[in-house]
Structures are given as structure tokens and as C-alpha cells.
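Numbering (mature numbering (1 follows the signal peptide of the UniProt record, and there is no 0)), first residue to last: -18 to -1, 1 to 163.
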């Protein structure tokens, strides 16, 4: 299926965000990341975030996230993978931590899955921006959401023994997010 210029004009006229407009040359009608959104993420990324991607596949990004100051993650450097599905922006990207992290909203394993409301299918909106996703991931390090946890024992520790949580989170930063320095 190819999109005609009249369909693109109709979509644009309907106040659909630019990120939602299919690229005219997308195979099978796949939706592409727009240059504006990519430029926004490159030129003014969220604080402490850098991105890298291959020009041959802009749908898989390597994200580097600096642990926010004043948190148990301060001093850590976390690598994440952000993958845009073919249906983006109508389907949310997936984001996983490649760096192990002690956090109630991230699986405590090598998978690094994240529980983040904005990424849930029922909450994702095509007008959502990748920059907003990256800001939300960073905010999780500032303010974990223990009531929406993937790791119940870590959430319990965060709520009931904050000193122990901070100790464990800092230990993980030292062990996994600083090169063991």
C-alpha cells in the first residue's frame, strides 16, 4: 500500500502531528520517524540524555542516560535501547535498560524491561513524542513509581526501607553503571 499525496495532505489537514504522517516512500505503508522529531531529540535532548543511531536503521537507538544528581543513581551511566516499531507513532516504542539497575520499575535481570505508563498500549497516543518518552524514563530515576512496579521486593524496599533501597541502588550503580570504578 502506498500513500498518495492527497492522503498525506488530508492527514496533515486533520491536525495529525507531523510524526504521524507516513513517509511517501515507506514500504507497506509503514510510518516513519520524521526528521523534525529526530532533529528535536538530537538538538535538545532531555537533560543527561544522549542518543546514537545508525543512519541505515533510525528505528533502533542507543540511549545513554546519566544518573540524575541527588538520586541514588548519581554518577551512573546507563545504556538503553529504544526501538521504534514499524507502526510508530501509532504504536509505542519499546525501551529497555541494557545496564543493570536496582529499580522497582525495571526488571532486575538482563532483559531490563521497563514499566512506564506512557509506553503501555492503552496509554500511548500517536501525538506522543520520543523526547517525552526519554524524559519520562529519566524521571523514573528521580522518582520511582513503586505502586506500578515490575519488581515487588524492590518496590517494598523503596517504600518501607529507603536507606536499604538507596544502598542497593548505589551498589548497582557502582557495580554495573560506572565500569566498576
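Backbone N, C-alpha and C define an ideal beta-carbon position, used for all residues, glycine too.
Fair warning: this is a prediction, and the values are worked out from it, not measured in the lab.
Query, Result
"Through-space distance from residue 86 to residue 92, alpha-carbon basis", "15 Å"
"Contact check, residue 155 vs residue 57, beta carbons under 9 Å", "yes"
"Whole-number beta carbon distance between residue 148 and residue 54, since they are thought to touch under 8 Å", "4 Å"
"Whole-angstrom C-beta distance between residue 37 and residue 113, which should lie under 8 Å", "Contact flag wrong, Cβ pair sits at about 20 Å."
"Short Cβ contact (9 Å threshold) for residue 110 with residue 100", "yes"
"Distance CB(residue 159)-CB(residue 83) smaller than 9 Å", "yes"
"Nearest candidate by alpha-carbon position, reference residue 105, set 63, 74, 46", "74"
"Residue 122 to residue 70 span [Cα, whole Å]", "23 Å"
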